[in-house]
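Chemist:
There are 2 protein chains.
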Amino acid sequence: MSDYKAPLRDMHFALYEVLGFEQHYQNTPGCEEASTDVVSAILEENAKFCENVLAPLNAVGDQEGCQWNDGVVTTPTGFKEAYQQYVEAGWPSMTHDSAHGGQGLPHSLGILLSEMVGSANWSWGMYPGLSHGAMNTLSAHGTDDQKQTYLTKLVEGAWTGTMCLTEPHCGTDLGMLRTKAEPNADGSYSISGTKIFISAGEHDMAENIVHIVLARLPDAPAGTKGISLFIVPKHLPAGDGSAGDRNGVVCGSIEHKMGIHGNATCVLNFDGARGYLIGPPNRGLNCMFTFMNAARIGTAIQGLAHAELGFQKSLEYARERLQMRSLSGPKNPDGAADPIIVHPDVRRMLLTQKAFAEGGRMLIYFAAQQVDRSEHAESEEDRKAADDLLSLLTPIAKAFLTEVGFEAANLGLQCFGGHGFIQEWGMEQNVRDCRIAMLYEGTTGIQALDLLGRKVLMTQGETLRVFTKMVHKFCQAQEGNAEMEPFIAPLAELNAKWGELTLHIGGVALENPDEVGAASVDYLMFSGYVTLAYFWALAASVAQAKLAEGDGDRAFYESKVQTARFYFQRILPRTQTLETTIKSGAGNLMDLDAEAFAF
Amino acid sequence: MSDYKAPLRDMHFALYEVLGFEQHYQNTPGCEEASTDVVSAILEENAKFCENVLAPLNAVGDQEGCQWNDGVVTTPTGFKEAYQQYVEAGWPSMTHDSAHGGQGLPHSLGILLSEMVGSANWSWGMYPGLSHGAMNTLSAHGTDDQKQTYLTKLVEGAWTGTMCLTEPHCGTDLGMLRTKAEPNADGSYSISGTKIFISAGEHDMAENIVHIVLARLPDAPAGTKGISLFIVPKHLPAGDGSAGDRNGVVCGSIEHKMGIHGNATCVLNFDGARGYLIGPPNRGLNCMFTFMNAARIGTAIQGLAHAELGFQKSLEYARERLQMRSLSGPKNPDGAADPIIVHPDVRRMLLTQKAFAEGGRMLIYFAAQQVDRSEHAESEEDRKAADDLLSLLTPIAKAFLTEVGFEAANLGLQCFGGHGFIQEWGMEQNVRDCRIAMLYEGTTGIQALDLLGRKVLMTQGETLRVFTKMVHKFCQAQEGNAEMEPFIAPLAELNAKWGELTLHIGGVALENPDEVGAASVDYLMFSGYVTLAYFWALAASVAQAKLAEGDGDRAFYESKVQTARFYFQRILPRTQTLETTIKSGAGNLMDLDAEAFAF
Numbered sequence: 001m002s003d004y005k006a007p008l009r010d011m012h013f014a015l016y017e018v019l020g021f022e023q024h025y026q027n028t029p030g031c032e033e034a035s036t037d038v039v040s041a042i043l044e045e046n047a048k049f050c051e052n053v054l055a056p057l058n059a060v061g062d063q064e065g066c067q068w069n070d071g072v073v074t075t076p077t078g079f080k081e082a083y084q085q086y087v088e089a090g091w092p093s094m095t096h097d098s099a100h101g102g103q104g105l106p107h108s109l110g111i112l113l114s115e116m117v118g119s120a121n122w123s124w125g126m127y128p129g130l131s132h133g134a135m136n137t138l139s140a141h142g143t144d145d146q147k148q149t150y151l152t153k154l155v156e157g158a159w160t161g162t163m164c165l166t167e168p169h170c171g172t173d174l175g176m177l178r179t180k181a182e183p184n185a186d187g188s189y190s191i192s193g194t195k196i197f198i199s200a201g202e203h204d205m206a207e208n209i210v211h212i213v214l215a216r217l218p219d220a221p222a223g224t225k226g227i228s229l230f231i232v233p234k235h236l237p238a239g240d241g242s243a244g245d246r247n248g249v250v251c252g253s254i255e256h257k258m259g260i261h262g263n264a265t266c267v268l269n270f271d272g273a274r275g276y277l278i279g280p281p282n283r284g285l286n287c288m289f290t291f292m293n294a295a296r297i298g299t300a301i302q303g304l305a306h307a308e309l310g311f312q313k314s315l316e317y318a319r320e321r322l323q324m325r326s327l328s329g330p331k332n333p334d335g336a337a338d339p340i341i342v343h344p345d346v347r348r349m350l351l352t353q354k355a356f357a358e359g360g361r362m363l364i365y366f367a368a369q370q371v372d373r374s375e376h377a378e379s380e381e382d383r384k385a386a387d388d389l390l391s392l393l394t395p396i397a398k399a400f401l402t403e404v405g406f407e408a409a410n411l412g413l414q415c416f417g418g419h420g421f422i423q424e425w426g427m428e429q430n431v432r433d434c435r436i437a438m439l440y441e442g443t444t445g446i447q448a449l450d451l452l453g454r455k456v457l458m459t460q461g462e463t464l465r466v467f468t469k470m471v472h473k474f475c476q477a478q479e480g481n482a483e484m485e486p487f488i489a490p491l492a493e494l495n496a497k498w499g500e501l502t503l504h505i506g507g508v509a510l511e512n513p514d515e516v517g518a519a520s521v522d523y524l525m526f527s528g529y530v531t532l533a534y535f536w537a538l539a540a541s542v543a544q545a546k547l548a549e550g551d552g553d554r555a556f557y558e559s560k561v562q563t564a565r566f567y568f569q570r571i572l573p574r575t576q577t578l579e580t581t582i583k584s585g586a587g588n589l590m591d592l593d594a595e596a597f598a599f
Numbered sequence: 001m002s003d004y005k006a007p008l009r010d011m012h013f014a015l016y017e018v019l020g021f022e023q024h025y026q027n028t029p030g031c032e033e034a035s036t037d038v039v040s041a042i043l044e045e046n047a048k049f050c051e052n053v054l055a056p057l058n059a060v061g062d063q064e065g066c067q068w069n070d071g072v073v074t075t076p077t078g079f080k081e082a083y084q085q086y087v088e089a090g091w092p093s094m095t096h097d098s099a100h101g102g103q104g105l106p107h108s109l110g111i112l113l114s115e116m117v118g119s120a121n122w123s124w125g126m127y128p129g130l131s132h133g134a135m136n137t138l139s140a141h142g143t144d145d146q147k148q149t150y151l152t153k154l155v156e157g158a159w160t161g162t163m164c165l166t167e168p169h170c171g172t173d174l175g176m177l178r179t180k181a182e183p184n185a186d187g188s189y190s191i192s193g194t195k196i197f198i199s200a201g202e203h204d205m206a207e208n209i210v211h212i213v214l215a216r217l218p219d220a221p222a223g224t225k226g227i228s229l230f231i232v233p234k235h236l237p238a239g240d241g242s243a244g245d246r247n248g249v250v251c252g253s254i255e256h257k258m259g260i261h262g263n264a265t266c267v268l269n270f271d272g273a274r275g276y277l278i279g280p281p282n283r284g285l286n287c288m289f290t291f292m293n294a295a296r297i298g299t300a301i302q303g304l305a306h307a308e309l310g311f312q313k314s315l316e317y318a319r320e321r322l323q324m325r326s327l328s329g330p331k332n333p334d335g336a337a338d339p340i341i342v343h344p345d346v347r348r349m350l351l352t353q354k355a356f357a358e359g360g361r362m363l364i365y366f367a368a369q370q371v372d373r374s375e376h377a378e379s380e381e382d383r384k385a386a387d388d389l390l391s392l393l394t395p396i397a398k399a400f401l402t403e404v405g406f407e408a409a410n411l412g413l414q415c416f417g418g419h420g421f422i423q424e425w426g427m428e429q430n431v432r433d434c435r436i437a438m439l440y441e442g443t444t445g446i447q448a449l450d451l452l453g454r455k456v457l458m459t460q461g462e463t464l465r466v467f468t469k470m471v472h473k474f475c476q477a478q479e480g481n482a483e484m485e486p487f488i489a490p491l492a493e494l495n496a497k498w499g500e501l502t503l504h505i506g507g508v509a510l511e512n513p514d515e516v517g518a519a520s521v522d523y524l525m526f527s528g529y530v531t532l533a534y535f536w537a538l539a540a541s542v543a544q545a546k547l548a549e550g551d552g553d554r555a556f557y558e559s560k561v562q563t564a565r566f567y568f569q570r571i572l573p574r575t576q577t578l579e580t581t582i583k584s585g586a587g588n589l590m591d592l593d594a595e596a597f598a599f
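So the sequences go chain by chain: A and B.
Counting in UniProt numbering, the first sequence runs from 1 upward without gaps.
Counting in UniProt numbering, the second sequence runs from 1 upward without gaps.
Structure below.
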């Protein structure tokens, strides 16, 4: 059973046939180098690395895990060597600024690579993945000196980065954080405190680790407005720029986790570690958002990655495993039984995975386009529009895709029957690895509040309308296309309903702010299903056009139309329930006294 | 954080206030000894054992797992000693026939004990749990000699039992099984073959293990009609009845699994092992059904067990963990933040767990009543009615409760944020342990075919009507009760719709048998939601009556009414989506060519 095969045909479909990446790159300043030939060559090269080097290490990472010994963390067999290959091939520098050794390719391309790396081996991918966040933060907020010292090393891949926010008593509620930064005479700071859940916080894959740390200056205001951002390297840079003396940050332990065993989740003890302020004092949280938005799209990819991996493996199994006969008569009469893909319920499980993986891919790639546009589009207006779209889609992509990705991973396991529960098939690892995605970088509940509260209600629905208008235009353009009618009618209706539900919640929330929290997760899931419906309708329209043109790849395009049909008939109706539960109001959640939940 | 507290108050409510167990035991021949005092004393005693002995071993079992060494399996520290205590207290014999050393108490009482044992430590509970199935099979189909030799030892708890069905190439499709039984001159058989996934198949907790094995006699018909049932003891009984010579059955390995690490899942190699035919030749599968139906109710309990355990732990955490302020103003102004139970979405997650745990409890106990009645009710008609109800409710309870139990376990984990992913809190173990429940004893898909195909359509809906009539009568009896109207109106509507959907599927299935498989899982889930709605409506009516009477326990009964309201407003609307997807037909699953699922 193969480990992972990069779905290059489907990636091509999403990029070029559905989302027009060729024109996107041509028309976006600074992205012109990403010609179709260049992109194809990069994807193929990265696919080989993911399939041949990373995928075989996925089970190894799970079974060996990371080992902690007196502050030193050893990664699983092969992880370090794979990282060396990755660095030698120049992958870390792909999308970063040429001023610091980068190749200056569009950020969207980095997202495509993350998908393949993450699908092949999520735990491994987190080591270089965290570095990108640190690099983006340094690019945006670092001084020239800081960029010279740290960014260059990160871009090269010689050093890796982390993001140190969480403390034992505060995860979501960063206002409660206690890590202190005392000024030193030389302009640096002494950082003291304990950080937990630091992914890739300590390891043996690179010669140095650059921690981006949230801490409080003396006399900083309480709460989130008194948090500053610091660079705290594991080794202080020596005069020649190499990793020098050990700094006062030590990995106190690593967590024993449900999954992603190959990635070290560290407790980091900062004991007067030397740190350097990055960005203005007390504005650390704002600076951190650069990091967090990228990290959230990065986590959204995890939903797609596990859906794709589970789909590939369960499809292979369903075609090979012989068990029972089709209810409509034997389909493999010469065999001992039929392959289980003949059974309608197995197909339901496979198609659900397929719809979420391929639909999620379109959503992620569309968001990736907005990343490019929000940075590089010619006009301020275009950049703003892209930024609005991105800020709306980020919580949807993060929470919705990880929720349905987890559903998909579980359905992949379910296709294997009892074998799915056994380690050797890899399906249970896929579920365990996936489970973290709904928790870190802001839980589903936090993303839902971000979407409904901050992104939608606080902008009076303006941000939402950027998306719904686009959907509306698409629906209008398809008017009169009879073949598209089964997709356009429900999409248009739900698109309008999305706005109505928003107005409804906005109205009741005026009376009772808890109505926002009561509706938020169901609203987010509703938003996700409608968003994916748009992309599946888009895919169907492209595929139908190709079929009408007589394009050679008939089976592929017919499969797209069928999957869109499955999505609209079997998945999208979940919005019916969500509409009802959203409208049911906060009373059924809030009226029960906290003491009366159990006796 | 406590491990597990038996929910005796809620168990009492379900048993005596909702389901009338006092009268049930009084009116069912052979159950009269189970007076309220006797039952209460037993439950309290068992609760202590589960809370104090089993629950603390739950994490131990997960972390140590079972060890295999050259055919010998060592269970986790403390498991063996706990089993000795369990045997000494007489728990194994509770519900078995006094003719073989049992205490002759009703089977339903055994189900109550299984709930507590399983909630405290599912992996441990499977060792004695499997024995009950073997005992039931021996009781029903064994000769007097076989009962004397094996049943007595099992009832005593000196020996344990297993159920050996699955082989590497056949799980669901038992017609494909290959294990052979060759007759010996002395009337015994030589059993040869490989069985996999044998829970509790080898261990160090008891002096002997009685395997109940499916195998084929020479010249047996192909398929399921050529399967016979055999007793294959690990040690052959010596002249004095004790465990004598080692038989030719060896544990070849144990599986590395996602969860239930404390239970040994064995590959058993039968190499000319001596076996004894039980029941008539070639009727093994029919005999095995005795075993399987009990096992399915046993597995249904697992959904309840993990929902209850996750609910208890996440409720405690939600009351203690301080993070963020309530959107409607601080609720804990003197603290650093509010406890997270103030947040509506945390309440949604807690109430979902509560609704499934407490609702599942009523469903399981009701099924347990039918077990008693189907065995002991005075009239043939009553026994038949109970048996019909049980046969309908078994696949619903097994598949629906394990599906929603898994949802609940995941929501329990989610309440902990990132901490939920960390081993030490026990929430991720709860999810991993729960995951198997949707797979073994027939997957959700298999249960759904059993429900819709065998139980409902093959009886022309007769079995279903036994239940829907009962619901209908309840709704009629509540007419004019304004307080019950919010429950009765949707329940009555969905009860009728259940029948309509059945007719609809029966109709389309005449044209295309794949329509059954295409609708089956959604139909099963629809059935489950309506079934639980009935029990929640029943609970609400009891609680409202108690409140009207001015019963002292106001907070408890108000909590029941609120939870029923939550269930009806936030969970039951899932039936809307299911109705739509059921009616969407088989085309969206079957029209795609198996080769076109991916490219």
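The C-beta atom is built at its ideal place from N, Cα and C for all residues, glycine as well.
A quick note: this is a predicted structure, and the numbers were derived from the prediction, not measured.
(1) Grab the span of the beta strand (DSSP E) containing A/Gln67 for me, first residue to last.
(2) Beta-carbon of B/Ser379 versus every beta-carbon of chain E: anything under 7 Å?
(3) For the beta strand (DSSP E) that contains A/Cys164, what are its first and last residues?
(4) Which value, in whole angstroms, describes the spacing of the CA atoms of A/Gly405 and A/Ala537?
(5) Alpha helix (DSSP H) containing A/Phe197: first to last residue?
(6) For B/Arg9, count the other beta carbons within 10 Å of its own beta carbon; 16 or more makes it buried, fewer makes it exposed. Which is it?
(7) Could you check whether the stretch 452 to 472 of chain A touches the stretch 380 to 397 of chain A, counting it as contact only if at least three pairs of C-beta atoms, one from each stretch, sit closer than 8 Å?
(8) DSSP state of A/Glu202, grouped into three classes?
(9) For A/Asp593, which residues in the same chain have their Cβ closer than 8 Å to its Cβ, ignoring the five residues on either side in sequence?
(10) Give a yes or no on whether the C-beta atoms belonging to B/Gly171 and A/Gly61 are separated by under 7 Å.
(11) Could you tell me whether any Cβ in chain B is nearer than 7 Å to the Cβ of A/Leu479?
(12) When the Cβ atoms of the stretch 353 to 367 of chain A are set against those of the stretch 327 to 345 of chain A, are three or more pairs found closer than 8 Å?
(13) Can you check DSSP and say which residues form a bridge with B/Asn208?
(14) Select from the stretch 544 to 559 of chain A all residues with a C-beta closer than 8 Å to any C-beta belonging to chain B, and list them in chain order.
(15) Residue range of the alpha helix (DSSP H) that B/Phe474 falls in?
(16) Name, in chain order, the residues that DSSP records as bridge partners for B/Ala181.
(17) Look at the alpha carbon of A/Val39 and the alpha carbon of A/Gly102, and state the distance between them as a whole number of angstroms.
(18) Just the C-alpha distance for B/Cys31 and B/Gln369, rounded to the nearest angstrom, thanks.
(19) Which residue or residues does DSSP assign as beta-bridge partners of A/Tyr276?
(20) Note down the Cα distance separating B/Tyr534 from B/Thr299, rounded to an integer number of angstroms.
(21) Using the Cα positions of A/His504 and A/Trp498, report the straight-line distance between them to the nearest angstrom.
(22) Going by the CB atoms, is the gap between A/Val371 and A/Ser559 shorter than 7 Å?
(23) Should B/Glu511 be flagged as near chain A, meaning a C-beta pair shorter than 7 Å?
(24) For chain B, check one thing: does any of its Cβ atoms lie closer than 7 Å to the Cβ of A/Pro573?
Modeler: Per the coordinate set shown:
(1) Taken as a continuous stretch (DSSP letters only), the beta strand (DSSP E) holding A/Gln67 covers 67 to 69.
(2) The chain labelled as chain E is not found among the protein chains of the depicted structure, namely A and B.
(3) Taken as a continuous stretch (DSSP letters only), the beta strand (DSSP E) holding A/Cys164 covers 159 to 164.
(4) The alpha-carbon atoms of A/Gly405 and A/Ala537 are separated by roughly 20 Å.
(5) No alpha helix (DSSP H) contains A/Phe197, which is instead part of the beta strand (DSSP E) from 189 to 199.
(6) Classification of B/Arg9: exposed, given that the 10 Å Cβ count is below 16.
(7) Note that the stretch 452 to 472 of chain A touches the stretch 380 to 397 of chain A; at least 3 beta-carbon pairs, one per stretch, sit closer than 8 Å.
(8) Look at A/Glu202 here: in three-state DSSP terms it is coil, with no helix or strand label.
(9) In its own chain, leaving out the 5 sequence neighbours on each side, no residue places its CB closer than 8 Å to the CB of A/Asp593.
(10) No, Cβ-Cβ distance for B/Gly171 and A/Gly61 is not below 7 Å.
(11) Note that residue 479 of chain A corresponds to Glu in the displayed sequence, not to Leu. No - not a single Cβ of chain B is within 7 Å of the one on A/Glu479.
(12) With the cut-off at 8 Å, the stretch 353 to 367 of chain A and the stretch 327 to 345 of chain A do not touch.
(13) DSSP, once it has assigned bridges, lists B/Trp159 as partnering B/Asn208.
(14) Cβ contacts with chain B: Ala555, Phe556, Glu558, Ser559.
(15) B/Phe474 -> alpha helix (DSSP H) spans 462 to 477.
(16) When DSSP reads this structure, B/Ala181 sits in a beta bridge with B/Ile191.
(17) Using only the alpha carbons, I get a separation of about 16 Å.
(18) In this structure, the CA atom of B/Cys31 is about 11 Å from the CA atom of B/Gln369.
(19) Bridge partners of A/Tyr276: A/Ile231.
(20) Cα to Cα, B/Tyr534 sits roughly 22 Å from B/Thr299.
(21) For A/His504 and A/Trp498, the distance between alpha carbons rounds to 10 Å.
(22) Taking 7 Å as the Cβ cut-off, A/Ser559 and A/Val371 do not qualify as a contacting pair.
(23) So, not an interface residue.
(24) It does: the Cβ of A/Pro573 has a partner Cβ on chain B nearer than 7 Å.
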